[in-house]
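Residue 3 is where the sequence shown starts when you use my numbering, and the numbers rise one by one after that. Note that CB positions come from ideal geometry on N, CA and C, so glycine has one too.
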Amino acid sequence: MPVGSSNGSGDGSPNSGMRAPGLANSHRLAALGEAIDEKAGVKHKTHQRRRPPTSRRHKVIVRSAIALGVVVVLFIGGVAGDYFYLGSLLKRQHIGHLQSTGSSENILLIGSTTRCGLKTQNIAFGLCATTTGVNSDIVMIVHLDPATHSVSLLSIPRDTFVPNARIAGANKIDAALYEGPTQLVAAIEEDFGIPINHYVELNFDTFQGVVNALGGVRMYFPMPVFDAFSGLYVPHPGCFLLDGYRALQVVRARHLQIQFNPAITNRADWTQEALSDLARIRRTHEFLRVLAAKVSARGLGNPLTDQSIASSVLGNLTVDTGFSEGTMVSLARTFAHVNIANVAQETFPVVGVNSPNGYQYQGYSYGSIVFPVEPTGYSLIDQLFGASMSMSTFTGTALPGASTFKISVENGSGIANQATTIASGLTSKGYRVSSIGNRTPTGPVPETVVWYGGTPPPDTGDWKNPGLEAAQSVMSQIEGPAIMGYNPSEVTPGALVTVQTGTGLTLKPAASSATTNATTSAATFTPTLGSRTASTPTVELAASSTSTSTTTTVPDPSGIQSNPNLGTPSATNPTLQPWDPRACNAAGTGPATTP
């Protein structure tokens with residue numbers, strides 16, 4: 003079914019009469035919201051209908067929250083007072099492996115694909131009775147630094163193939179949630195070296211409820227597009243008012259088809275965008291910017307005093323048991339003045355694998371997957387989290403010196419002399435290589451894994467593992483598709499770290515900038531990550547006022563460039579493509595333009 007009308011009359015508005023379910027104690031919530039406003043200096047007239055506060059401070063709180071993609075922050079923006087009642091509205095769950103908060107805070111934000119427990123079962127998105135398992139549709143890490151009052155968001159593509167996704171071993175990162183939130187937290191900490199302090203999970207109801215409570219969100223579609231899997235169908239260009247259901251179709255679209263040629267009317271024959279989850283992340287980030295602008299334009303101040311938003315968000319959120327209302331209050335106050343323009347929204351760089359029959363790993367097919375790319379991935383985490391390349395992103399302490407621990411190098415690709423070459427390069431950098439060997443490749447295109455052992459993350463309490471820090475030290479010297487992995491049985495006896503070499507692996511040269519090429523997705527589009535050469539029709543469009551204007555260049559390591567099995571590394575903050583939806587102008591007649 004196509005989305006609503008594109009004219010500015012409002013004919014394409016969400017279903018009339020559509021309201022978010024009210025809270026059982028709306029008067030109590032309203033009183034709580036007004037108490038919060040009073041602490042912020044906002045005056046209310048007794049027993050009179052309150053106009054939404056329009057102070058800059060309040061707008062910034064809510065605007066920044068939604069722009070981050072953290073719809074959950076709608077309920078912590080300025081929260082104070084009746085903590086017990088606020089907490090009673092949230093779902094709480096014990097999550098293991100969470101770390102104590104240090105000088106900064108990392109919140110893992112998950113969009114769950116669960117269909118069970120939703121208020122409305124919708125066949126278009128799958129039913130509880132017919133959909134097996136739970137995956138994470140969105141994996142975002144929100145980094146909050148109180149010292150600098152800075153906020154950043156890192157999205158991890160759901161198809162990223164990592165060693166510790168499952169308790170039993172490797173899989174896509176989104177599959178970790180199938181074994182519970184604790185396993186997903188462990189996978190991110192073990193494979194990426196990112197400490198997670200708190201966990202927040204939202205579902206389809208949360209997302210749709212917020213959009214509906216705002217009266218819908220208007221977006222401009224430059225071209226007709228169709229996604230058979232999410233149900234999205236836009237028959238012609240124009241501005242469309244999306245209700246929660248249609249908005250969910252937009253942000254879940256991973257198999258978008260575009261009508262470049264008006265003569266091709268059969269949607270099945272429209273050009274397929276094969277970037278899958280990376281394209282979805284790009285559009286989701288843009289949607290969040292547009293959503294933030296809608297909140298700002300509506301003049302919302304304290305979200306708790308808006309009954310429809312509060313009821314849409316609070317009852318559909320799951321947080322870890324340690325995420326207290328007091329912590330939420332403290333975070334909201336600390337980051338109340340964050341400027342949306344200064345919020346970094348980045349995507350972890352990955353590279354696709356050319357595997358027409360699905361990625362093969364130890365005899366099993368995993369469909370379409372992507373590998374993390376170094377050195378960009380490691381340096382991006384350092385940049386967002388304010389660490390240097392010589393510091394551990396997990397502990398914030400200095401990484402161990404190269405000569406202070408032993409490394410083994412195992413050839414896991416089958417490429418002749420690869421282990422010897424890598425070992426020689428690491429030795430020249432000061433590392434102590436204790437042994438060189440061979441392993442059976444995990445498949446036709448194996449991934450490089452830097453294995454470490456030691457104790458696993460405890461269910462409660464901080465994780466201190468010298469092996470992790472040693473692995474991070476080695477990762478800082480690697481180029482190509484690579485990831486860390488925790489598994490003591492994979493580490494060669496006598497070594498603290500084992501490098502299992504894979505496809506496209508090289509080491510950082512002494513002058514890396516002189517020997518690596520930079521690529522960017524700002525000027526060109528590669529329809530498939532498994533192909534390095536492709537073209538597609540282009541259309542000139544005005545830039546979106548809400549989208550990123552430039553794309554960060556991403557190093558294309560020589561090992562990836564020369565390998566036909568690997569695509570081009572993805573950009574960390576890609577610009578919108580000509581067919582992507584974006585903000586409408588004020589008149590609702592076309593795309594918003596940059597002032």
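ask   = Distance, Cα to Cα, Ala230 vs Thr273?
value = 13 Å
Per DSSP, what are the beta-bridge partners of Gln274 in this structure? Gln259
Item to complete: Can you check DSSP and say which residues form a bridge with Arg94?
Response: Val321
Quiz item: Looking at C-alpha atoms only, which residue of Pro448, Val411, Pro571 and Ser278 is the closest neighbour of Ser367?
Solution: Pro448
Buried versus exposed call for Thr323 [16 or more other C-beta atoms within 10 Å across all chains shown]: exposed
Check your understanding: With Ile175 and Thr162 assumed to form a contact (beta carbons below 8 Å), what rounded beta-carbon distance in angstroms separates them?
Key -> 5 Å
Pro593 - partner residues in DSSP beta bridges
Cys586
Alpha carbon to alpha carbon, what distance is there between Ile283 and Val352? 13 Å
Looking at the strands, I want to know which residues DSSP matches up with Val164. Asn173
Next on the checklist: So within the stretch 187–261, which uninterrupted beta strand (DSSP E) runs reach at least 3 residues, ignoring any that extend past its ends?
Outcome noted: 200–204, 219–223 and 240–244
(Q) Given this structure, state the Cα-to-Cα distance separating Pro374 from Gln385, to the nearest angstrom. (A) 17 Å
query = Are Gly482 and Thr450 close, meaning C-beta to C-beta below 8 Å?
reply = yes
**Asked** Is it true that the CB of Thr503 sits closer than 8 Å to the CB of Ala421?
**Response** yes
task = Identify whether Ser392 lies in helix, strand or coil by the three-state DSSP scheme.
result = coil
| Between Lys93 and Thr320, is the Cβ-Cβ spacing less than 8 Å? | yes
Supposed contact pair Val493 and Tyr454 - C-beta distance, whole angstroms, cut 8 Å:
6 Å
Query raised in the report: Between Pro583 and Phe223, is the Cβ-Cβ spacing less than 8 Å?
Result: yes
Worksheet entry | Among Tyr201, Asn467 and Asp558, the one whose alpha carbon lies nearest that of Gly98 | Tyr201
- prompt: Is it true that the CB of Asp245 sits closer than 8 Å to the CB of Gly218?
  reply: yes
* Taking all protein chains shown into account, do 16 or more other C-beta atoms lie within 10 angstroms of the C-beta of Pro495, making it buried, or fewer, making it exposed? -> exposed
Checklist entry - What are the boundary residues of the alpha helix (DSSP H) that includes Val1? => result The requested residue 1 does not occur in the structure, where the chain is confined to residues 3 to 597.
What first and last residue would you give for the beta strand (DSSP E) that runs through Ser410?
-> Lys408 to Asn413
Report task. Could you tell me which of Ser106, Ile140 and Ala170 sits nearest to His151, measuring between CA atoms? Result -> Ser106
TODO: Would you check if the stretch 559–572 and the stretch 237–252 touch, i.e. whether three or more CB-CB distances between them fall below 8 Å?
DONE: no
- In angstroms with no decimal places, state the Cα-to-Cα distance between Ser475 and Leu204. 35 Å
Roughly how far, in whole angstroms, is the beta-carbon of Val144 from the beta-carbon of Ile198, given that I think they are within contact range, below 8 Å? That belief does not hold up - the Cβ atoms of Val144 and Ile198 are roughly 11 Å apart, past 8 Å.
*Quick one: grab the DSSP three-state call for Gln563.*
helix
Sorted by chain position, which residues of the same chain lie with C-beta nearer than 6 Å to Pro490's C-beta, five sequence neighbours on each side aside?
Gly455
_Quick check: the Cα distance between Lys510 and Glu412, rounded to an integer number of angstroms?_
19 Å
Tell me whether the stretch 424–435 and the stretch 401–409 touch, counting them as touching only if at least three CB pairs, one residue from each stretch, are closer than 8 Å.
yes
Hey, out of Gly365, Thr508, Ala215 and Thr336, whose CA is closest to Asn419's CA?
Thr508
- Item | Reference Val141; option with closest CA among Leu578, Ile158, Tyr361 and His287 | Ile158
message = If I measure Cβ to Cβ from Asn567 and keep anything under 7 Å in the same chain, skipping five residues before and after, which residues do I get?
response = Val355, Asn356, Val447 and Thr505
In this structure, how does DSSP classify Tyr363 when only helix, strand and coil are distinguished? strand
Can Leu110 be considered in contact with the ligand FMN, in the sense that its beta carbon sits closer than 7 Å to one or more heavy atoms? Ligands in the displayed structure: none, and consequently the ligand FMN is not present.
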